[in-house]
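Chemist:
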Amino acid sequence: MRRPRVVGLVVLGVAVLVAGLPLLRGPIELPVTQHHLLHAALLVGAALAGVLCGRRDALRRASPAWIVLAMIAPILAMLLMWPSAYSFFEQHPAGHAFEHVGIVACGFLAGFAGERFAAGVGWATGGSAVLMALLAAFGFGVAPPTAVPIAAVAEPSLQPGASGRRNTGASSPAQPSHGAMIYATNCAVCHGTAGEGVSGPSLKDERTRKNLRQTIEWIENPAPPMPKFYPAVLTAADVRAVATYVQTL
Amino acid sequence: MKPLSVTLPAIGLRVMWTYIATGLAIFLLMLLVGISMRGSQAGWWTIEPGTFYSLLSLHGIGMLTAMVVAGLGTLWYLVSRETGLDARVAYLAYAFFVAGVACVIVSIVPGHYGALWSMLYPLPFTGTYWPTWATGAWLVGTALVMLGFMIWCGQILGALLARYGGLGGVLAVDYVLHNRAFAKLDHEPPPPQIFAAAITAIDGLIAGTAGLTVGVALIVRWLDPTVAIDPLWAKNLTYLFGHTFANLTMYMAVAGIYVGLPICTRRAYHTSVPLVLAWWGTLLFVIIAYFHHLYMDFVQAESLKLVGELASFLAAIPVVVITVYGAVLLVHRSGMRWTLGSMFLFTGLIGWVVGGAAAVLDSTIPFNVDLHNTLWVPAHFHTYLLEGVVLFTLGWVFVNLEQRAGASSGALIRWLAGLGVFGGGALFVLGFYIAGAAGVPRRYAVEPPPGPYLAGIATVGAILVLVGLLVVAYEALRLARLPRSEVAP
Ligand code: HEM
Numbered sequence: 001m002r003r004p005r006v007v008g009l010v011v012l013g014v015a016v017l018v019a020g021l022p023l024l025r026g027p028i029e030l031p032v033t034q035h036h037l038l039h040a041a042l043l044v045g046a047a048l049a050g051v052l053c054g055r056r057d058a059l060r061r062a063s064p065a066w067i068v069l070a071m072i073a074p075i076l077a078m079l080l081m082w083p084s085a086y087s088f089f090e091q092h093p094a095g096h097a098f099e100h101v102g103i104v105a106c107g108f109l110a111g112f113a114g115e116r117f118a119a120g121v122g123w124a125t126g127g128s129a130v131l132m133a134l135l136a137a138f139g140f141g142v143a144p145p146t147a148v149p150i151a152a153v154a155e156p157s158l159q160p161g162a163s164g165r166r167n168t169g170a171s172s173p174a175q176p177s178h179g180a181m182i183y184a185t186n187c188a189v190c191h192g193t194a195g196e197g198v199s200g201p202s203l204k205d206e207r208t209r210k211n212l213r214q215t216i217e218w219i220e221n222p223a224p225p226m227p228k229f230y231p232a233v234l235t236a237a238d239v240r241a242v243a244t245y246v247q248t249l
Numbered sequence: 001m002k003p004l005s006v007t008l009p010a011i012g013l014r015v016m017w018t019y020i021a022t023g024l025a026i027f028l029l030m031l032l033v034g035i036s037m038r039g040s041q042a043g044w045w046t047i048e049p050g051t052f053y054s055l056l057s058l059h060g061i062g063m064l065t066a067m068v069v070a071g072l073g074t075l076w077y078l079v080s081r082e083t084g085l086d087a088r089v090a091y092l093a094y095a096f097f098v099a100g101v102a103c104v105i106v107s108i109v110p111g112h113y114g115a116l117w118s119m120l121y122p123l124p125f126t127g128t129y130w131p132t133w134a135t136g137a138w139l140v141g142t143a144l145v146m147l148g149f150m151i152w153c154g155q156i157l158g159a160l161l162a163r164y165g166g167l168g169g170v171l172a173v174d175y176v177l178h179n180r181a182f183a184k185l186d187h188e189p190p191p192p193q194i195f196a197a198a199i200t201a202i203d204g205l206i207a208g209t210a211g212l213t214v215g216v217a218l219i220v221r222w223l224d225p226t227v228a229i230d231p232l233w234a235k236n237l238t239y240l241f242g243h244t245f246a247n248l249t250m251y252m253a254v255a256g257i258y259v260g261l262p263i264c265t266r267r268a269y270h271t272s273v274p275l276v277l278a279w280w281g282t283l284l285f286v287i288i289a290y291f292h293h294l295y296m297d298f299v300q301a302e303s304l305k306l307v308g309e310l311a312s313f314l315a316a317i318p319v320v321v322i323t324v325y326g327a328v329l330l331v332h333r334s335g336m337r338w339t340l341g342s343m344f345l346f347t348g349l350i351g352w353v354v355g356g357a358a359a360v361l362d363s364t365i366p367f368n369v370d371l372h373n374t375l376w377v378p379a380h381f382h383t384y385l386l387e388g389v390v391l392f393t394l395g396w397v398f399v400n401l402e403q404r405a406g407a408s409s410g411a412l413i414r415w416l417a418g419l420g421v422f423g424g425g426a427l428f429v430l431g432f433y434i435a436g437a438a439g440v441p442r443r444y445a446v447e448p449p450p451g452p453y454l455a456g457i458a459t460v461g462a463i464l465v466l467v468g469l470l471v472v473a474y475e476a477l478r479l480a481r482l483p484r485s486e487v488a489p
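So the protein sequences, as listed, match chains A and B. Just so you know, we're using the working numbering here: the first sequence kicks off at 1 and counts up by one. Just so you know, we're using the working numbering here: the second sequence kicks off at 1 and counts up by one.
(1) Taking the alpha helix (DSSP H) that Thr125(A) falls in, what are its first and last residues?
(2) What is the rounded straight-line gap between the Cα of Ile495(B) and the Cα of Ala315(B)?
(3) Taking only the alpha-carbon atoms, compute the straight-line gap between Ser334(B) and Gly215(B) and give it to the nearest angstrom.
(4) When the Cα atoms are used, what is the spatial distance from Val68(A) to Ile151(B)?
(5) Whole angstroms are fine: how far does the CA of Gln34(A) sit from the CA of Phe117(A)?
(6) Verify the CB distance criterion: does Phe89(A) have a CB-CB separation below 8 angstroms to chain B?
(7) I need the straight-line Cα distance from Leu234(A) to Glu220(A), nearest angstrom please.
(8) Using a Cβ-Cβ cut-off of 8 angstroms, state whether Asn186(A) counts as contacting chain B.
(9) Name the chain A residues that come within less than 9 angstroms of Gln498(B), Cβ to Cβ?
(10) Threshold first: 4 residues or longer. Then list the alpha helix (DSSP H) segments lying entirely within the region 44 to 80 of chain A, N to C.
(11) How would you label Leu23(A), buried or exposed, when you count the other beta carbons within 10 angstroms and need 16 or more for buried?
(12) Could you pull out every residue in the same chain whose Cβ sits closer than 6 angstroms to the Cβ of His100(A), ignoring the five residues on either side in sequence?
(13) In angstroms, rounded to a whole number, what distance separates the CA positions of Val189(A) and Ile103(A)?
(14) Could you tell me the alpha carbon to alpha carbon distance between Ala93(B) and Cys153(B), rounded to whole angstroms?
(15) Give me whichever residues DSSP pairs with Phe140(A) in a beta bridge.
(16) Exposed or buried, Gln193(B), counting other C-beta atoms within 10 Å across all chains shown (16 or more means buried)?
(17) Which residues of the region 275 to 308 of chain B have a Cβ closer than 8 angstroms to any Cβ of chain A? Give them in chain order.
(18) Taking only beta-carbon positions, decide if Leu203(A) is within less than 8 angstroms of chain B.
(19) Is it true that the CB of Gly45(A) sits closer than 8 angstroms to the CB of Val11(A)?
(20) Do you know whose CA, among Ile26(B), Leu412(B), Gly50(B), lies nearest Ile61(B)'s CA?
(21) For the ligand HEM, is there a heavy atom less than 7 angstroms away from the beta-carbon of Ile434(B)?
(22) Apart from the five residues on each side of it in sequence, which residues of its chain come closer than 6 angstroms, Cβ to Cβ, to Ala162(A)?
(23) Assess contact between the region 185 to 201 of chain A and the region 230 to 240 of chain B, defined as three or more Cβ pairs (one per stretch) separated by less than 8 angstroms. Is contact present?
(24) Let me confirm a value: Ala66(B) is counted as buried when at least 16 other C-beta atoms fall within 10 Å, else exposed. Which label applies?
(25) Does the contact criterion of 3 or more C-beta pairs under 8 angstroms hold for the region 400 to 419 of chain B versus the region 323 to 332 of chain B?
(26) What is the DSSP secondary structure of Pro93(A), reduced to helix, strand or coil?
(27) Spell out whether any CB of chain B is found under 8 angstroms from the CB atom of Leu131(A).
(28) Heavy atom of the ligand HEM less than 7 angstroms from the Cβ of His100(A), yes or no?
(29) Please give the ranges of any alpha helix (DSSP H) in the region 194 to 271 of chain B, keeping only runs that are unbroken, at least 4 residues long and fully inside the region.
(30) Provide the residue span of the alpha helix (DSSP H) that contains Asn179(B), from first to last.
(31) From Ala65(A) to Leu78(B), what does the alpha carbon distance come to, in whole angstroms?
(32) Under 7 angstroms, CB to CB, which of the residues in the region 215 to 237 of chain B have a partner in chain A?
(33) Apart from the five residues just before and just after Ile413(B), which ones in its own chain have a Cβ nearer than 7 angstroms to its Cβ?
(34) With DSSP as the reference, label Pro450(B) as helix, strand or coil.
(35) Ends of the alpha helix (DSSP H) at Ser36(B)?
(36) Do we get a CB-CB distance below 8 angstroms when we pair Tyr433(B) with the residues of chain A?
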């Protein structure tokens with residue numbers, strides 16, 4: 001019983017030392033994904049230490065509080081990974097190290113409390129903490145990749161007789177149109193920066209399915225899950241501008 | 001492996017009835033919400049679209065939570081018959097469920113949250129008509145429900161690991177791989193219902209982790225709008241949790257078949273190698289089948305779509321085929337009497353098979369192109385939920401009540417209940433199927449033709465379900481009030 005505990009304490013010590021690295025290196029500029037992955041590595045050590053230290057006599061009845069702690073600890077670790085642009089903790093080496101120690105403590109608690117609750121459960125709850133950090137690396141604080149810069153597309157003419165078809169942007173390449181700006185801020189997150197579709201459907205060649213009037217009507221009265229932006233967020237002129245832009249995709 | 005100790009039956013039953021009664025009460029309330037929506041789609045009355053989406057959000061999360069709570073109660077009791085379980089943990093998980101449901105209700109009733117139970121990012125945040133606190137209350141509420149679920153999963157996993165000597169024992173690995181040696185040693189594999197409990201606990205922990213990852217990310221985004229979230233990532237994790245959570249309701253309720261039908265037929269439902277293999281398939285594939293929700297997402301890798309298609313087949317087909325085959329063999333020439341309990345359990349199998357077949361069809365990519373986001377989707381899941389999970393739950397409830405009272409229901413009651421719940425339910429889902437095949441989109445407050453006409457027929461079916469359920473509730477109370485009997489019904 002004592003040996004695993006000693007190994008666990010050694011692993012915990014190593015994790016705490018690694019957590020303190022920012023103190024040596026000063027402010028660290030890392031992409032969010034890599035940062036989360038490093039947190040996941042810290043959590044592997046911490047959770048393993050927790051499991052090894054938490055082993056108990058299987059015949060004794062455990063307090064229900066252990067399982068609650070084991071489930072809440074990974075959530076607290078996630079909160080400490082808050083990927084804010086202006087995070088105080090991230091910008092100060094001491095704060096950063098403190099944040100890491102918090103993450104290690106949560107990982108340890110997840111494994112320890114789970115194992116205290118019942119043998120084997122610590123692996124699941126510690127694993128849950130690690131899995132959360134791994135998953136977080138691919139989207140928590142990570143913006144979707146951009147495909148085509150919106151500045152490359154300008155609004156087509158609405159004059160009668162103008163084609164209203166694909167606009168190469170040759171006329172005013174530097175200035176994104178009002179419609180393109182609205183698209184980028186409100187629509188791109190679901191439909192993709194170039195209309196290629198993300199969680200929402202692709203808008204490529206939408207003009208072959210809906211003309212300008214129908215596009216405007218749809219934006220004004222969409223069917224869920226598409227949110228309704230008009231009139232609370234977008235004015236009638238905004239809707240027209242963005243519908244016009246969509247016609248160029 | 002001998003049990004360390006076994007929970008007192010009275011304690012196990014008390015936990016089970018607390019969970020089942022809560023689940024069925026929420027179910028009845030959500031049924032009224034469902035009828036109000038379907039009637040409005042039929043044009044019988046008008047629900048303003050904003051309110052419709054709030055009700056749809058409530059109905060979706062409420063129904064699934066109701067069925068999960070009822071299923072977890074049944075499984076808790078069944079596991080407690082095999083090994084010692086601490087009832088305090090069950091009540092703690094229950095408290096998390098209740099707190100979560102309370103937050104969700106607050107977000108809907110005064111808050112008018114309406115971004116649906118799938119809460120796909122960025123819907124809860126962008127262009128909304130409800131205050132931001134309502135989004136927060138919803139997110140916290142769903143996180144509490146997930147936490148309650150994970151606490152339950154943690155307790156059951158721990159108990160099963162101790163009882164069967166580790167994961168290999170729980171999953172009957174030796175029984176499958178070294179069958180002869182296993183038999184020679186006179187070892188027994190876990191009974192079938194334990195696979196339902198184990199798969200719920202293991203997949204529940206994985207799915208819950210994914211759900212809480214995206215849930216916490218959304219709560220952070222709610223508190224700090226500068227935090228970026230990748231919508232495709234959020235969609236993957238949301239469906240990993242949501243699809244698994246909804247599917248597990250079926251795998252939980254199936255335990256009622258494994259234990260309930262043997263009571264009715266006086267024959268045992270044994271664990272067999274094909275049954276264990278089928279459950280292994282479910283264990284592995286149910287958590288990756290969700291990729292079928294992303295067939296239309298152009299940016300999702302094509303290979304993942306194929307994985308989703310294959311996993312959808314492998315998660316569902318083997319376990320349905322083997323369970324139904326086993327159940328039919330059990331009933332065949334058993335001289336079983338048709339009571340409400342056996343009737344619901346058996347008709348539930350029909351709902352499971354039909355709903356499962358419709359789901360498999362929808363998860364086949366060439367069909368999905370036409371059926372995606374049409375009413376075919378609610379058609380298949382209402383079939384396996386209303387005509388499968390709900391019937392299994394009712395069957396299990398009645399098998400217990402009949403056994404306890406040593407009495408069963410008269411033919412008139414059986415006909416009324418059967419016609420109402422099963423017949424009305426069939427009419428109700430038929431409306432969804434035909435509309436879906438005709439291309440009527442799902443989640444429209446006001447549907448294009450022929451939606452409203454079919455919604456009218458479906459509403460009649462839903463009202464019949466309600467009437468049938470009232471008969472069922474009356475009969476359940478009557479049986480529950482009868483004195484306990486030692487004589488079998
Ligand atoms: C007779 C009973 C029921 C009625 C009248 C009913 C009615 C409805 C209606 C009208 C919708 C919206 C369909 C659409 O336009 O997309 C819906 C969606 C849904 N229902 Fe039911 N329902 C019933 C039973 C159930 C049961 C038993 C469950 C689960 C156990 C369930 C779970 C759901 C879910 C998860 C949704 C999807 C919500 C969404 O799209 O976000 N329903 N139901």
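C-beta: ideal position from N, C-alpha, C; glycine also. Being a predicted model, the structure only gives us computed values, none of them experimental.
Modeler: Checking against the coordinates, here is how it stands:
(1) 121 to 136
(2) This structure cannot speak to residue 495(B), because chain B is shown only from 1 to 489.
(3) 49 angstroms
(4) 7 angstroms
(5) 33 angstroms
(6) no
(7) 9 angstroms
(8) yes
(9) Since the first and last residues shown for chain B are 1 and 489, residue 498(B) lies out of range.
(10) 65 to 80
(11) exposed
(12) Ala19
(13) 30 angstroms
(14) 10 angstroms
(15) Ile229(B)
(16) buried
(17) Met296, Asp297, Phe298, Val299
(18) no
(19) yes
(20) Ile26(B)
(21) no
(22) Reliability fails at Ala162(A), whose pLDDT of 33 lies under 50, so the model's placement of it is uncertain and the value that follows must be treated cautiously. Contacts found: none.
(23) yes
(24) buried
(25) no
(26) helix
(27) yes
(28) no
(29) 231 to 253, 255 to 265
(30) 179 to 184
(31) 24 angstroms
(32) Val216, Ala217, Val220, Asp224, Thr226, Val227, Ala228, Ile229, Asp230, Pro231, Leu232, Trp233, Ala234, Lys235, Leu237
(33) Val471, Glu475
(34) coil
(35) 9 to 42
(36) no
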